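Peer 1: Here you go, one structure.
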Amino acid sequence: MQAVGVIPSKKEVGVLEHSNPEIRHDDVVRVRCLEVGICGTDREICTFVYGQPPEGSEYLILGHESLGEVIDVGSAVKNIKVGDLVVPSVRRPCEHQDCQPCRAGLQDFCATGDFVERGIKARHGYMTEEYSEHEQFLYVAPKNLRDVAVLVEPLTIAEKAMAQVWLAQQRLPWVKNNPQGTPRGKGLKAVVLGAGPIGILGAMKMVSEGFDTYVYSRSRKPNPKAALVEAVGAKYISALDHTVDELVEMVGNIDLVYEAIGVSSVAYDVLRVLGNNGAFVFTGIPAPKPPIEVDADLIMRNVVLKNQVIIGSVNADAAAFEAALADLDVFVKRWPETIRAVITGRFSIDDCQSLLLDKAQGIKNVVSFT
Ligand code: BGC
Ligand code: ZN
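Just so it is clear: in the sequence shown, position 287 is 288 by our numbering, and no numbers are missing.
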């Protein structure tokens, strides 16, 4: 079977021969891969600073943003049938019996660090013709989402982040007691940092939650990313045209920052202007670089004097996958062309080297196995 992977010991990236997955447990589902999205994490693994092959394997099969079609189910599989479209999650629990999050199905909060992640850490990914997975880690996607469901996994990042934000902001009675039926972000201002796929999907999520949403990103308008952002009703502000101080003048009190840029200098510059009672969510994972200078006293004073919350959010739980599927359905109905335009290219696995190693092009590129 053909697959795309990395061999860290040889510093190689490309198409590999990978053996067929067999159903070894009754609760396992066999999946034919339809599409796999490529993200910054995959590109990073291809520079060999991140990622780890499974124990005993020389290579790691890449891919953690997948959409597949079920081709076989074990005898104990209850809710998934042959022909279903499925999206798998990424992280699998550690084996320590005393790891409370993992034992509770919240491996995104694994307390030992010994979790594994498919396509990233010690488990093969989905960039292969077929794969197997336990039923509990698969989410059925409705057929009307066939052409966009590969975006579910990157959308789960925003879903988990927002779940964390709302938990934190329960401390604000006027947010907590928002009248039933009003979107929770109504009257609040959100700034999304970065207009990559995570940023664009994040902006869609913020807009659909009712936030007055601004996307702050590098490139000048007009550009395709700015066009998508504005098509969903967010405002696009170029960092080349406007400083962070100008940004805050345009926005007013920033209630929420969703960082999806992975550039610490920009992130901390915006943290400096977070508003009263504001929440700042980090989702980017920058590669280690030399230290940068930040106005730490100012940030610390603000965090205290303005009752701010800083949240780090990684991976996603079952609730986030369910929410992403539900929201994707909302986005497809509300912005049918825009959500489809997030996927800017579908490629065969023969193009994988240039997709993974050359300068990133477009928005979300997808490897298609059909
Ligand atoms: C994935 C997450 C994962 C993280 C760190 C991201 O690209 O979407 O599922 O936890 O990388 O490995
Ligand atoms: Zn990813």
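Even for Gly, the Cβ is constructed at its ideal location relative to N, Cα and C. Every value quoted in this text rests on a predicted model; they were computed, and no experiment measured them.
Would you say V37 and Q354 are within 9 Å of each other, going by their C-beta atoms?
Peer 2: Numbered from 1 along the sequence shown, position 36 holds the residue referred to as residue 37. Numbered from 1 along the sequence shown, position 353 holds the residue referred to as residue 354. It is not a contact, given that the beta carbons lie outside the stated cut-off.
Peer 1: By how many angstroms is the C-alpha of R302 removed from the C-alpha of V32?
Peer 2: Counted from its first residue, the sequence shown places residue 32 at position 31. Counted from its first residue, the sequence shown places residue 302 at position 301. Going from the Cα of V32 to the Cα of R302 covers about 52 Å.
Peer 1: Return yes when the C-beta of H125 is under 8 Å from any heavy atom of the ligand ZN, and no when it is not.
Peer 2: Translated into the one-based positions of the sequence shown, residue 125 becomes position 124. Flag unset: Cβ of H125 not near the ligand ZN.
Peer 1: When the Cβ atoms of the segment 219-237 are set against those of the segment 283-299, are three or more pairs found closer than 8 Å?
Peer 2: Too few Cβ pairs lie closer than 8 Å, so no.
Peer 1: List in chain order the residues whose CB is within less than 5 Å of at least one heavy atom of the ligand ZN.
Peer 2: For the ligand ZN, the selected residues are C40 and T42.
Peer 1: Any heavy atom of the ligand BGC closer than 8 Å to the Cβ of P155?
Peer 2: The residue you call residue 155 lines up with position 154 of the sequence shown. Yes, the beta carbon of P155 sits closer than 8 Å to at least one heavy atom of the ligand BGC.
Peer 1: Measuring CB atoms only, is the segment 12-30 touching the segment 70-80, in the sense that at least three cross pairs come out at less than 8 Å?
Peer 2: Judged by Cβ distances under 8 Å, the segment 12-30 makes contact with the segment 70-80, as three or more pairs qualify.
Peer 1: Who are the near neighbours of V252 in its chain, counting only those whose CB is closer than 7 Å to its CB and skipping five residues on each side?
Peer 2: What you label residue 252 is simply residue 251 of the sequence shown in a count that begins at 1. Counting only Cβ-Cβ distances below 7 Å, and skipping sequence neighbours, we find K190, V192 and Y215.
Peer 1: On a Cα-Cα basis, can you pick out the residue from K360, L356 and P337 that is closest to R147?
Peer 2: Working through the sequence shown from its first residue, we reach residue 147 at position 146. It is P337 whose Cα lies nearest to the Cα of R147.
Peer 1: Tell me whether K122, by its Cβ, gets closer than 8 Å to a heavy atom of the ligand BGC.
Peer 2: In the sequence shown, counting from the first residue as 1, residue 122 sits at position 121. Yes, the Cβ of K122 comes within 8 Å of a heavy atom of the ligand BGC.
Peer 1: If you draw a straight line from the C-alpha of E59 to the C-alpha of G188, how long is it?
Peer 2: Looking up residue 59 in the sequence shown gives position 58. Looking up residue 188 in the sequence shown gives position 187. If I take the Cα positions, the gap works out to 53 Å.
Peer 1: Checking 9 Å against the spacing of the C-beta atoms, do Y259 and I293 come in under that value?
Peer 2: For the purposes of this step, residue 259 is identified with residue 258 of the sequence shown, where counting begins at 1. For the purposes of this step, residue 293 is identified with residue 292 of the sequence shown, where counting begins at 1. No, Cβ-Cβ distance for Y259 and I293 is not below 9 Å.
Peer 1: Please state the DSSP three-state secondary structure of R93.
Peer 2: Along the sequence shown, read from residue 1 onward, the residue named residue 93 stands at position 92. Strand, per DSSP.
Peer 1: Name the one or two DSSP bridge partners that V193 has.
Peer 2: On the sequence shown, position 192 is the one that residue 193 refers to. V193 pairs with V216 and Y259.
Peer 1: So, helix, strand or coil for S369, using DSSP?
Peer 2: In the sequence shown, the residue the question calls residue 369 occupies position 368. Reduced to three states, the DSSP call for S369 is strand.
Peer 1: Any idea if E210 is buried or exposed, counting beta-carbon neighbours within 10 angstroms, 16 or more meaning buried?
Peer 2: As a working note, residue 210 is residue 209 in the sequence shown. Per the 10 Å Cβ criterion, buried.
Peer 1: Going by the C-beta, is R92 closer than 8 Å to any heavy atom of the ligand BGC?
Peer 2: Here residue 92 corresponds to residue number 91 of the sequence shown, with the count starting at 1. For the ligand BGC, at least one heavy atom lies less than 8 Å from the Cβ of R92.
Peer 1: For A142 and Q362, I'd like the C-alpha separation in whole angstroms.
Peer 2: Translated into positions along the sequence shown, residue 142 becomes position 141. Translated into positions along the sequence shown, residue 362 becomes position 361. Cα to Cα, A142 sits roughly 28 Å from Q362.
Peer 1: Can you give me the Cβ contacts of I24 inside the same chain, cut-off strictly under 7 Å, excluding the 5 residues immediately before and after it?
Peer 2: Numbered from its first residue, the sequence shown carries residue 24 at position 23. Answer for I24: R31, D73, G75 and S133, listed in chain order.
Peer 1: Give me the Cβ distance between V91 and H65, rounded to the nearest whole Å; I'm assuming they're in contact under 8 Å.
Peer 2: For the purposes of this step, residue 91 is taken as residue 90 along the sequence shown, with counting starting at 1. For the purposes of this step, residue 65 is taken as residue 64 along the sequence shown, with counting starting at 1. Yes, they are in contact, since the Cβ atoms of V91 and H65 sit about 5 Å apart, within 8 Å.
Peer 1: What first and last residue would you give for the alpha helix (DSSP H) that runs through Q354?
Peer 2: Here residue 354 refers to the residue found at position 353 when the sequence shown is read from its first residue. Element bounds for Q354: C353 to L358.
Peer 1: Assign A77 to one of three DSSP states: helix, strand, or coil.
Peer 2: Along the sequence shown, one-based indexing puts residue 77 at 76. A77: coil per DSSP, three-state reduction.
Peer 1: Is it true that the CB of T284 sits closer than 9 Å to the CB of S314?
Peer 2: Position 313 of the sequence shown holds residue 314. Position 283 of the sequence shown holds residue 284. Against a cut-off of 9 Å, the Cβ pair of T284 and S314 comes out as a contact.
Peer 1: In whole angstroms, give me the CA-to-CA distance for E118 and V151.
Peer 2: Position 117 of the sequence shown, counted from the first residue, corresponds to residue 118. Position 150 of the sequence shown, counted from the first residue, corresponds to residue 151. Looking at the two C-alpha atoms, the distance is approximately 17 Å.
Peer 1: Quick one: Cα of V176 to Cα of L257, how far?
Peer 2: Along the sequence shown, one-based indexing puts residue 176 at 175. Along the sequence shown, one-based indexing puts residue 257 at 256. Computed Cα separation, rounded: 13 Å.
Peer 1: Would you mind stating whether Y217 and V271 have Cβ atoms separated by less than 9 Å?
Peer 2: The residue given as residue 217 occupies position 216 in the sequence shown. The residue given as residue 271 occupies position 270 in the sequence shown. Their beta carbons are under 9 Å apart, which means Y217 touches V271 by this criterion.
Peer 1: Quick one: what does DSSP say C34 is sitting in, helix, strand or coil?
Peer 2: Working through the sequence shown from its first residue, we reach residue 34 at position 33. Three-state DSSP puts C34 in a strand.
Peer 1: Is H65 near the ligand BGC - that is, is its Cβ less than 8 Å away from at least one heavy atom of it?
Peer 2: Locating residue 65 in the sequence shown gives position 64, where the first residue counts as 1. Yes, Cβ of H65 sits closer than 8 Å to a heavy atom of the ligand BGC.
Peer 1: For the segment 105-174, which segments carrying the alpha helix (DSSP H) assignment without a break, of at least 4 residues, lie completely within its bounds, in sequence order?
Peer 2: Whole alpha helix (DSSP H) segments, 4+ residues: 153-170.
Peer 1: Using only the alpha-carbon positions, how far apart do I199 and A317 sit?
Peer 2: Within the sequence shown, residue 199 is the residue found at index 198, counting from 1. Within the sequence shown, residue 317 is the residue found at index 316, counting from 1. So the two alpha carbons sit approximately 14 Å from each other.
Peer 1: Assign M128 to one of two classes, buried (16 or more other C-beta atoms within 10 Å of its C-beta) or exposed (fewer than that).
Peer 2: Taking the first residue of the sequence shown as 1, we reach residue 128 at position 127. Result: buried.
Peer 1: What do you reckon, are the CB atoms on L248 and A196 nearer than 9 Å?
Peer 2: Start at 1 with the first residue of the sequence shown, and residue 248 comes out as number 247. Start at 1 with the first residue of the sequence shown, and residue 196 comes out as number 195. Their beta carbons are not under 9 Å apart, which means L248 does not touch A196 by this criterion.
Peer 1: Just mark Q181 as buried or exposed, buried being the case when its beta carbon has 16 or more other beta carbons within 10 Å.
Peer 2: The sequence position of residue 181 within the sequence shown is 180, counting from 1. Classification of Q181: exposed, given that the 10 Å Cβ count is below 16.
Peer 1: Is L306 helix, strand or coil by DSSP?
Peer 2: By one-based count along the sequence shown, residue 306 stands at place 305. Helix at L306.
Peer 1: Note down the Cα distance separating I286 from E45, rounded to an integer number of angstroms.
Peer 2: Numbered from 1 along the sequence shown, position 285 holds the residue referred to as residue 286. Numbered from 1 along the sequence shown, position 44 holds the residue referred to as residue 45. Cα-Cα distance, rounded: 10 Å.
Peer 1: Just verifying my parser: in three-state terms, what is the DSSP assignment at F49?
Peer 2: Looking up residue 49 in the sequence shown gives position 48. If DSSP states are grouped into helix, strand and coil, F49 belongs with coil.
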